[in-house]
Every structure is written in structure tokens, then in C-alpha cells.
Amino acid sequence: MATLIFWELRALIETMKFLLPLFVLDLCLIFVDARTLCKDMNNEEVDWFVFYKMPKQTWSSDANVAAGTGFIYLDSNNKKWQQQTVGLDSLNQAIAYTMQAYYNNPSNNRLFHVLYNDEIPDSTVWSDTSGHTKGAAVFDTLYGFWLIHSLPRFLNNASYEFPSNAHRYGQAGICVSLNYEDSFPNLAMQLYNTNPFIYSSFLPPKMEYDAPLMRKVLNGQRSDEEPYYSVNSFICTNGASFKHFAKEESSMQICTTTWLPRRSPTRWSSNPGFTNPSKTKTFFRTVPTVSTSTTRNT
536 MATLIFWELR
546 ALIETMKFLL
556 PLFVLDLCLI
566 FVDARTLCKD
576 MNNEEVDWFV
586 FYKMPKQTWS
596 SDANVAAGTG
606 FIYLDSNNKK
616 WQQQTVGLDS
626 LNQAIAYTMQ
636 AYYNNPSNNR
646 LFHVLYNDEI
656 PDSTVWSDTS
666 GHTKGAAVFD
676 TLYGFWLIHS
686 LPRFLNNASY
696 EFPSNAHRYG
706 QAGICVSLNY
716 EDSFPNLAMQ
726 LYNTNPFIYS
736 SFLPPKMEYD
746 APLMRKVLNG
756 QRSDEEPYYS
766 VNSFICTNGA
776 SFKHFAKEES
786 SMQICTTTWL
796 PRRSPTRWSS
806 NPGFTNPSKT
816 KTFFRTVPTV
826 STSTTRNT
């Protein structure tokens, strides 16, 4: 009897030795698939992407442009603007794919998220005292992304939707993939200096320990000490370098004379004829290296 049990145990051990590497491999594949990073138009990980939503043009032969959801896009792998065959109201495009890291499990207690917009989605509520800034950031303890955009009442905090109010004007945005350890404290500092109007957030205890300033941000606190601005560098997961400028409105002179190139115009277009950002080359040339946020005076 003892001999039989011995051989059964030995057979079990041999089987486990065979299965264990496969089990570990499966876990690794699951982990890789779950990385919290920006996604491209094919739902693949990407270092960064930029999009420009064209103004609504009802006479356009392109159904998405006519509806006010048409957009062009470039990313770290494809650095030429390409008009997309889907609109921003589709679930099959980069922003929707990226945000699924949050939407797939909004109550995940291991995932940091913050959604902010001075015009709250699905609401007429807006803030004239917070930063004129819009975006979302989602992080686990290894990776994360920061999506900055100009769309009012976007993004919904329950599922991906494109708001009806966002069709008319030209809008733009950028997403960057970041390492948690290097970037999370810097993210807290930049948000602290832009005073975002936050409508959804969660901060896991470990991340609060790593970046205590983030708790102040989520509690609605803002920087009240000079110089009322902050400049921080962010290095993407594959090495692309970005510099983010955060400031109070009262610091505009510092921003324009010290930080930015002499020619760096921005464009918020309501002109239906304005469809191509190459006509403002100086702005879109600086987007991959510079993003700006302004906080209103209170």
C-alpha cells in the first residue's frame, strides 16, 4: 500500500513539474495583456498618441466628419496624420481602447484613477474656479497612462460615450504611457498645480504612501505657494520624453516669456473649413514634447 502511494505521489510531482511552467507562462501572458498603457487604433500598446477631432461639417462626404465625430490620429509608431474610418463615438478606436483599463473594472481597488473636467459629463454642472483642464489618468503599481484632452463633458465615469455637446468644434488630445515609479509623484505635482475639477477618483493605500500629495489633489486642495507653477518631465515606457507645464492664470507672463518657444500658437477651431492641423504646424509639432494647462484665478 505504501509503495502504491509513493508511486502515485511521484507521478503527481512529475505532472506538476510539467504543468507549472505552463501555469507561470499563462500568468505572464495575462499580466502582459493587462498592462495599463495607452492603446493604438488596433488596441495594441503604444508609447503615445495624439488625436485631432475635426469641426462638424454637415456637407462632408465623410459620414463621421459630417456628424462631428471625425478625427485624425498619429502615434509613436506611425508619425503621420491619418484620417480614421471610425468616429470618436466608436468603441473601436484608441481612446476607447485605452479607457477600457478603467471601464472594465471601475471598482478595482488596486487601480488608481482620476477623471477630471471643468464641465462634468452627463450634467450641466461646470466650474469657474477650478482649472480649465480636462483629462484622465489610470495607474497600477507598474504602469499607467495620462490622457489630456480639450473635450467638454468627456469622459463618462461608467462607460465610454462621446457626448452630444462635443460634435461642433475642433478638439485635440494626447495620451502618454508611463512607468509608475518614475511618473506618479510627478503626476500628483502637476495636478496639484492645475486644480482639476474631479468627478471620479480612487487612490489605493500603497499609491497614497508613494505620493501623499495625490490625496490633497483628490480632496480638492491646490497649490497656494509661489511660484504658482510647476514644470515636470515625463519619460514614456519606450523612452519618449515629454515636458508638462502646470500653472495658475496669474503666471501667464512667466509661461509665455520663459517656457514656450516664441512661435507656439494653439488652435481651438469653430471654423468648419478648418480640417487639417498641418495648417498650424507649430502647435502640433510641439504637442509630443509640450502640453499646457491653465488654472483660473479664484
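The working numbering numbers the first residue of the sequence shown as 536 and each following residue consecutively. Every residue, glycine too, gets a C-beta built ideally from N, C-alpha and C. It should be emphasised that the depicted structure is a prediction, and the values quoted were computed from it without experimental measurement.
Pick helix, strand or coil for residue i, following the three-state DSSP scheme.
i	result
Lys614	coil
Asn643	coil
Thr659	coil
Lys574	strand
Lys591	coil
Val621	coil
Gln635	helix
Ser699	helix
Thr791	Confidence at Thr791 is low in this model, with a pLDDT of 46, below 50, so its placement is unreliable and the value that follows should be read with caution. Three-state DSSP puts Thr791 in a helix.
Ala629	helix
Ile565	Because the pLDDT at Ile565 is just 40, under 50, the model does not fix this residue reliably, and the point stays unresolved.
Leu560	Low per-residue confidence applies at Leu560: pLDDT is 39, beneath 50, and the placement is therefore not dependable, though the value from the model is reported in the following sentence. Helix at Leu560.
Phe689	coil
Gly708	strand
Trp583	strand
Arg798	For Arg798, the predicted structure reports a pLDDT of 48, less than 50, and the residue's modelled location is therefore unreliable. A value from the coordinates is still provided. Note: Arg798 maps to coil in three-state DSSP.
Asn730	coil
Ala781	strand
Ser758	coil
Asn773	coil
Ser694	coil
From what residue to what residue does the alpha helix (DSSP H) around residue i run?
i	result
Asn599	Ala598 to Ala602
Ile719	First, the residue type needs correcting, since residue 719 is Phe and not Ile in the sequence shown. Counting along the chain, the alpha helix (DSSP H) containing Phe719 begins and ends at Tyr715 to Tyr727.
Val752	Leu748 to Leu753
Glu743	Pro740 to Asp745
How far does the beta strand (DSSP E) with residue i in it extend, from its first residue to its last?
i	result
Leu682	Tyr678 to His684
Phe737	Ile733 to Phe737
Ala672	Lys669 to Phe674
Which whole-angstrom value is the C-beta distance of residue i and residue j, which I expect to be below 8 Å?
i	j	result
Arg757	Asn714	Wrong, their Cβ atoms sit about 26 Å apart, outside the cutoff.
Ile630	Gln617	15 Å between Cβ atoms; not a contact.
Tyr638	Tyr695	6 Å
Phe586	Ala707	7 Å
Pro641	Asn691	The Cβ separation is near 11 Å, so there is no contact.
Checking 8 Å against the spacing of the C-beta atoms, do residue i and residue j come in under that value?
i	j	result
Leu623	Lys588	yes
Ala781	Ser765	yes
Gln725	His667	no
Val621	Leu646	no
Trp681	Leu738	no
His684	Thr604	no
Trp594	Cys771	no
Cys573	Ser712	yes
Tyr727	Leu748	yes
Gly679	Phe719	yes
Thr571	Ala636	yes
His648	Ser736	yes
Which term fits residue i, buried or exposed, when burial requires 16 or more other beta carbons within 10 angstroms of its beta carbon?
i	result
Lys615	exposed
Thr500	Because residue 500 is not part of the residues shown, which for the chain are 536 to 833, the question remains open.
Asp759	exposed
Ala598	exposed
Tyr744	exposed
Glu654	buried
Ser611	buried
Glu580	buried
Lys741	exposed
Gly705	buried
Asp575	buried
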